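Here the sequence shown stands for residues 1 to 469, where the numbers follow full-length UniProt numbering.
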Amino acid sequence: MNDLTRLTATELLSGYRAGNLSPVAATQAALDAIETADPEVNAFVLVDADRALAAAKESEARWRADHPLGPGDGVPTSIKDLLYARDWPTLRGSFLVDAAGPWPDDAPAVARLRATGAVLLGKTSTPEFGWKGVTDSPRHGATGNPWDPALTAGGSSGGGAAAVSLGMGPWSVGTDGGGSLRIPAAFTGTVTIKPTYGLVPLWPASPFGTLSHAGPMTRSVGDAALLLDIITGFDPRDWSALPTPAGSFLDGLDDGVRGLRVAFSPDLGYVRNDPEVTAAVRAAAEVLAAAGAHVEKVHPGFTDPEDAFLTLWYAGAAKVVGTPGPDALDRIDPGLRRAAERGAALSAADYLEATAVRMDLGLRMGIFHQTYDLLVTPTLPITAFAKGRDTPADRPAREWTGWTPYTYPFNLSQQPAASVPCGFTSAGLPVGLQIVGPRHADALVLRAARAYERATDWGATAPPRRHDG
């Protein structure tokens with residue numbers, strides 16, 4: 001990799017504007033990084049170098065004429081292979097999807113990236129239909145961690161996180177139904193925000209329903225805010241899409257946290273962390289306090305909603321798998337097949353009871369945020385474990401939710417939740433800090449994430465350079 005691959009999108013855009021950086025050079029650098037590093041980590045399932053370079057040349061001409069299409073013109077960007085992108089197959093890691101075209105449509109976020117002039121590099125890996133918290137699939141294999149390819153990058157947006165971490169473009173767009181943006185961000189030392197539900201429109205609708213969000217994956221909070229600006233906004237194809245925001249998420253981003261009331265919960269009252277994770281997140285809370293926030297150790301007061309989440313998740317798995325033929329059953333991820341079988345056995349009463357738990361959680365968090373502006377927790381209780389496993393060997397669990405207790409509650413409640421890197425373990429693996437806000441307080445969450453980022457330098461640490469062969 002060269003220095004261009006370590007620049008943020010914000011830095012690239014500044015260089016384009018000044019005329020001393022080129023979208024073509026930045027795109028070629030990203031493609032070179034893919035060619036060099038991707039054989040080890042398997043982050044991409046499709047790379048379209050010719051179209052990317054053609055788009056970069058068009059962007060360069062626009063910048064020279066001082067007429068960029070929008071605030072993302074010329075930024076190399078990748079798309080998770082759950083989201084439609086015109087002329088590229090969306091295979092979702094599954095042999096159940098027919099690769100034959102045509103593929104005429106863009107998902108709303110992809111259409112907005114195209115409209116702003118972003119350079120689309122290709123599609124990134126996902127587990128089958130995004131169903132679990134690690135990234136491996138029958139169709140495309142497993143995605144490794146940039147810090148150690150023998151370990152998982154997390155999931156289900158693991159390909160995007162690995163790509164961003166290794167300089168294969170500074171932007172990626174992923175999805176999050178139970179932590180799928182935040183889990184890989186924590187494992188790879190990158191930045192993300194799962195926005196308030198409906199802020200980034202989704203079409204086609206996710207089989208996992210209103211648990212699923214789309215959001216940005218980046219290496220800096222400023223980049224996450226800028227990318228969120230681009231991909232948000234009302235779309236009539238999403239029945240639950242929110243109105244287009246009136247302002248920019250960059251407005252007030254550097255206003256800091258002085259005076260904010262921040263609840264620090266190191267374990268939500270029921271989670272067991274790796275001690276090094278607890279130490280890193282405790283230190284991060286102290287950084288926020290030193291920056292002027294009123295930080296109080298307190299738990300939000302709910303019990304683990306895993307059973308309710310899994311009821312809704314299993315129902316989604318049953319929906320996405322449907323009734324494939326006997327030959328197809330053998331080609332499905334065995335864990336997804338088991339989840340679908342459990343979902344098919346659920347009753348309407350089971351689903352409604354889980355929904356009632358969800359509503360109660362939303363009520364509790366709404367009241368909690370009347371006292372506290374933000375909640376900070378670990379993003380995960382552990383660091384990355386062996387690639388190819390759904391759960392870590394030393395944490396027996398029935399599902400991936402057994403080791404992601406901090407993420408899925410806030411899909412149930414639909415709140416904005418960011419993850420930023422907050423340190424490394426003695427083994428050199430990243431730790432993530434989760435910052436949660438009340439619904440519609442995405443700008444406040446980003447502001448706190450930015451304040452923490454400015455006070456530390458964890459995000460500037462790059463993984464070892466990967467090499468082909």
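Just so you know, even glycine gets a beta-carbon here, dropped at the ideal spot from N, CA and C. Since the structure is predicted, the reported quantities are computational estimates derived from the model, not experimental observations.
Taking residue i and residue j to be in contact with their CB atoms under 8 Å, please state how far apart those CB atoms are, rounded to whole angstroms.
i, j, result
"G167", "T135", "About 19 Å; that fails the 8 Å criterion."
"T143", "A118", "In fact, because the Cβ distance is near 22 Å, the residues do not count as touching under 8 Å."
"A263", "V287", "Not a contact, Cβ separation roughly 16 Å."
"D223", "T8", "5 Å"
"T77", "L31", "No, T77 and L31 are not in contact; Cβ-Cβ is about 13 Å, not under 8 Å."
"P184", "S157", "5 Å"
"L446", "A225", "5 Å"
"T401", "F309", "6 Å"
"A115", "G70", "6 Å"
What do you reckon, are the CB atoms on residue i and residue j nearer than 7 Å?
i, j, result
"A317", "W103", "no"
"M217", "T192", "yes"
"T126", "D81", "yes"
"H140", "V47", "no"
"G292", "L374", "no"
"T404", "G133", "yes"
"R261", "T407", "no"
"residue 480", "R92", "The displayed coordinates of the chain run from 1 to 469. Any statement about residue 480 would go beyond what the structure contains."
"I79", "V110", "yes"
Quick one, which of the options has its alpha-carbon nearest residue i's?
i, options, result
"D176", "T152, W147, L211 and T190", "L211"
"D327", "L96, P243 and A61", "L96"
"G322", "A225, W403, G141 and L336", "L336"
"D229", "A214, S240 and S248", "S248"
"L444", "V376, D307 and L121", "V376"
"S265", "P71, A280, D254 and R17", "A280"
"residue 477", "F208, A214, V41 and A65", "There is no way to answer for residue 477, as the model of the chain reaches only from 1 to 469."
"R342", "T10, Y372, Y314 and I367", "Y314"
"L120", "F368, Y84, P138 and V320", "Y84"
Exposed or buried, which one is residue i when buried takes at least 16 other CB atoms within 10 Å?
i, result
"Y197", "buried"
"A386", "exposed"
"R398", "exposed"
"Q434", "buried"
"S14", "exposed"
"Q415", "buried"
"S206", "buried"
"K411", "The sequence given here places Asn at residue 411; Lys does not occur at that position. Buried, since its Cβ has 16 or more Cβ neighbours within 10 Å."
"V254", "As written in the sequence, residue 254 is Asp, which differs from the Val given in the question. So D254 ends up on the exposed side."
"G469", "Interpretation of G469 is limited by its pLDDT of 42, a score under 50 that renders its predicted location unreliable; the figure taken from the coordinates is listed afterwards. Exposed is the call here."
"A18", "exposed"
"P396", "exposed"
"T371", "exposed"
"D3", "exposed"
How about residue i: is its C-beta nearer than 7 Å to some C-beta of chain B?
i, result
"Q28", "Of the chains in the structure shown, none is chain B; there is only one protein chain."
Is residue i near the ligand ATP, going by C-beta to nearest heavy atom under 6 Å?
i, result
"I231", "Although the ligand ATP was asked about, the structure shown includes no ligands whatsoever."
Between the segment 26-37 and the segment 91-105, do at least 3 Cβ pairs fall closer than 8 Å?
Verdict: no, contact absent.
Would you say the segment 265-280 touches the segment 345-352, given that touching needs at least three Cβ pairs under 8 Å?
Result no; under three Cβ-Cβ pairs closer than 8 Å.
Within the chosen definition, does the segment 51-60 reach the segment 21-30 through at least 3 CB pairs nearer than 8 Å?
Touching, yes, given that three or more Cβ pairs across the two stretches are closer than 8 Å.
Should the segment 224-241 be regarded as contacting the segment 333-348, the criterion being three or more beta carbon pairs within less than 8 Å?
They do not touch, by the three-pair rule.
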